[in-house]
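Numbering follows my numbering, with no gaps: position 95 of the sequence shown is 108. Built from N, CA and C at the ideal position, the CB exists for glycine as well. Owing to the predicted nature of the structure, the values given are computational and were not obtained by experimental measurement. The next block holds one structure in the form of structure tokens; read it before the comments.
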Amino acid sequence: MSNETSPRVLVVDDLEANRAMLARRLTRRGFDTEMADDGPTALRMLDESEFDIVLLDIMMPGMSGLEVLRIIRADRSPAILPVIMVTAIHEKDGIAEAIKLGANDYITKPVDLDITLARMQTQIDRRKAELALHSANESLKLRVEERTHDLEKMNFDLRNEIKQRQSLEEGLRLEKRRAEAANRAKSEFLATMSHELRTPLNSIIGFSDLIRQQLQSEAPAGTARFGEYAGYINESGQHLLRIVNDILDLTKIDAGKTVLNESHTSVADLVERSIRLVDALAQKNNIGIDLGGELEEVELFCDEILMRRALLNMLSNAVKFSHSGGRIEIRAELDTNGDLHLIVADTGIGIRPEDIPRVMEPFGQADASHSRNHEGTGLGVPLTKSLVELHNGRFEMDSEPDIGTTVSLVLPAKRLQMVTDDVAKQATSAA
Ligand SMILES: Nc1ncnc2c1ncn2[C@@H]1O[C@H](COP(=O)(O)OP(=O)(O)OP(=O)(O)O)[C@@H](O)[C@H]1O
Ligand SMILES: [Mg+2]
């Protein structure tokens, strides 16, 4: 770009005197002035360097001013390179032609300097404005292009990510379907197998019992111990049946096929009956069972048989994993939300905190060396947990090795009612 303070002007005239005079006057007015004495020279100079404006004589020998103008306008607009024609006053046709060809303006000879300067300044200002606009446009275009490019890239990346996620999701869905199918197959297999085992087991239990009774009353000679053996068969059969039943129940709950047979059940009864079932074993092992809490008047809306089974599982664990001389406490409490906590706490061997998640899983047992001393399959805890959850409750287990274990079966307040509270009772039974 030419110097801001001195605009560059090219004066094109074949007459040395005209050129020199105009150049001198313009230079004096602060222009950076160059001269050309014919058309081809002018065109060459315009190609070689940048000018702010051209003063172009029309009448020149060889290439006329109009011819020069035509060539200039072939690739430079009036805004980019203003051309003012210099002409004699009588050359009207030439002026009209020049304007058609894209001349910005004209001045007549003899040149009036003030008019010339005013017209030049107008064109120079216009060019400046045009160039500024052009460069603003260019940078805007550039920015739009950059932004468009950025957006396209972002869009591309986003599409890629979406594709990746979709395929990931598809994979996960497939995996989930496979896992669900595998789980269903496992449950169906366990349920069928357990069911099929129950019939022969019941025969084994029934007939072994019959044989034992028979042999106890009249054992033929040499079969004295056969009654005892029949007793072992019976016990083993019952043990196996219990496992089979646990598996069947667990798979049924898992499959959502368990239907609760619900009624209002006295919590005190529930607790007492469960204790009665483990009492003999506890006494045999010299373990005391204490009844805590004062909730005799609370009724729980539940499946009584299943809830008793849950409590019994926890009580038998407490007995099984306690040392001789240990104590077990069973109590019922209401928390601040009004939820019922059926708590079984023992002073037995305890469970290491890291083993607790495992014992909640089917067939999961804590320390193998401990468990080996005790009979069991590892189904009591998961079954109890499922039973409580089936009643919209939750199972909590807290334990410390060598200190003891506390298990809470937490049942929601909405399943409870006070026996003395008649209004509440009516409301619940009506619901
Ligand atoms: N009160 C407890 N004290 C210490 N360990 C316990 C207690 N209750 C459960 N456990 C641990 O959790 C394991 C799982 O208990 P769970 O009742 O599920 O199975 P189990 O008693 O071994 O067998 P099952 O109940 O099927 O006859 C137990 O083997 C034992 O390691
Ligand atoms: Mg158990």
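Which whole-angstrom value describes the C-beta separation of residue i and residue j, a residue pair presumed to lie in contact below a C-beta threshold of 8 Å?
{"i": "P375", "j": "P395", "result": "5 Å"}
{"i": "I85", "j": "L94", "result": "6 Å"}
{"i": "I260", "j": "L392", "result": "7 Å"}
{"i": "S276", "j": "E317", "result": "6 Å"}
{"i": "D45", "j": "S19", "result": "4 Å"}
{"i": "A116", "j": "L82", "result": "6 Å"}
{"i": "T271", "j": "A323", "result": "Not a contact, Cβ separation roughly 13 Å."}
{"i": "V357", "j": "I343", "result": "5 Å"}
{"i": "T403", "j": "L273", "result": "Correcting the residue type first, residue 403 is Leu in the shown sequence and not Thr. Yes, L403 and L273 are in contact; Cβ-Cβ is about 6 Å, under 8 Å."}
{"i": "A204", "j": "K265", "result": "7 Å"}
{"i": "A280", "j": "D352", "result": "The question names Ala, but residue 280 in the sequence shown is Val. Not quite, the Cβ-Cβ distance comes to about 13 Å (not below 8 Å), so this is no contact."}
{"i": "A345", "j": "R365", "result": "About 28 Å; that fails the 8 Å criterion."}
Measuring alpha carbon to alpha carbon, tell me which residue in the options is nearest residue i.
{"i": "S62", "options": "D163, I175, V22", "result": "V22"}
{"i": "V372", "options": "G219, M320, N330", "result": "N330"}
{"i": "T135", "options": "E193, I66, I318", "result": "I66"}
{"i": "R428", "options": "E346, G406, E158", "result": "G406"}
{"i": "G250", "options": "G240, M72, N215", "result": "N215"}
{"i": "V420", "options": "T46, L59, M410", "result": "M410"}
{"i": "V124", "options": "A358, T100, L324", "result": "T100"}
{"i": "L355", "options": "A379, E402, R186, V284", "result": "V284"}
{"i": "D222", "options": "T205, A237, P213, A243", "result": "A243"}
{"i": "F64", "options": "M133, R190, V280", "result": "M133"}
{"i": "I362", "options": "G389, R32, E312, G417", "result": "G417"}
{"i": "G219", "options": "L403, E248, L353", "result": "E248"}
{"i": "N326", "options": "K199, I112, V157, R255", "result": "R255"}
{"i": "K122", "options": "N150, I97, F169, I364", "result": "I97"}
{"i": "E241", "options": "P233, A234, L228", "result": "L228"}
{"i": "D262", "options": "L400, I217, A237", "result": "L400"}
{"i": "P414", "options": "R139, G377, S335", "result": "S335"}
{"i": "M431", "options": "H404, L424, L313", "result": "L313"}
{"i": "R211", "options": "V291, L114, V257, G235", "result": "V257"}
{"i": "L304", "options": "L328, I137, R156, M320", "result": "L328"}
My output table needs one value for residue i: the three-state DSSP class, helix, strand or coil.
{"i": "R385", "result": "Because the pLDDT of R385 is 49, which lies under 50, any placement of that residue in the model is unreliable, and the number read from its coordinates should be weighed accordingly. If DSSP states are grouped into helix, strand and coil, R385 belongs with the helices."}
{"i": "V280", "result": "helix"}
{"i": "Q136", "result": "helix"}
{"i": "Q430", "result": "strand"}
{"i": "G305", "result": "strand"}
{"i": "F239", "result": "helix"}
{"i": "T419", "result": "strand"}
{"i": "S230", "result": "helix"}
{"i": "E310", "result": "coil"}
{"i": "E63", "result": "coil"}
{"i": "T46", "result": "strand"}
{"i": "D51", "result": "coil"}
{"i": "V25", "result": "strand"}
{"i": "S19", "result": "coil"}
{"i": "L424", "result": "strand"}
{"i": "R32", "result": "helix"}
So within the segment 66 to 130, which uninterrupted alpha helix (DSSP H) runs reach at least 4 residues, ignoring any that extend past its ends? 78 to 88, 105 to 114
Taking only runs that begin and end inside the segment 137 to 221, name each unbroken beta strand (DSSP E) of 3 or more residues, in chain order. none
List, from N- to C-terminal side, the alpha helix (DSSP H) runs of 4 residues or more that fit wholly inside the segment 318 to 400. Runs of the alpha helix (DSSP H) inside the segment 318 to 400: 369 to 372, 381 to 385.
Between the segment 293 to 306 and the segment 336 to 350, can you find at least three pairs of beta-carbon atoms closer than 8 Å? Between the segment 336 to 350 and the segment 293 to 306, the count of Cβ pairs shorter than 8 Å is three or higher; the stretches touch.
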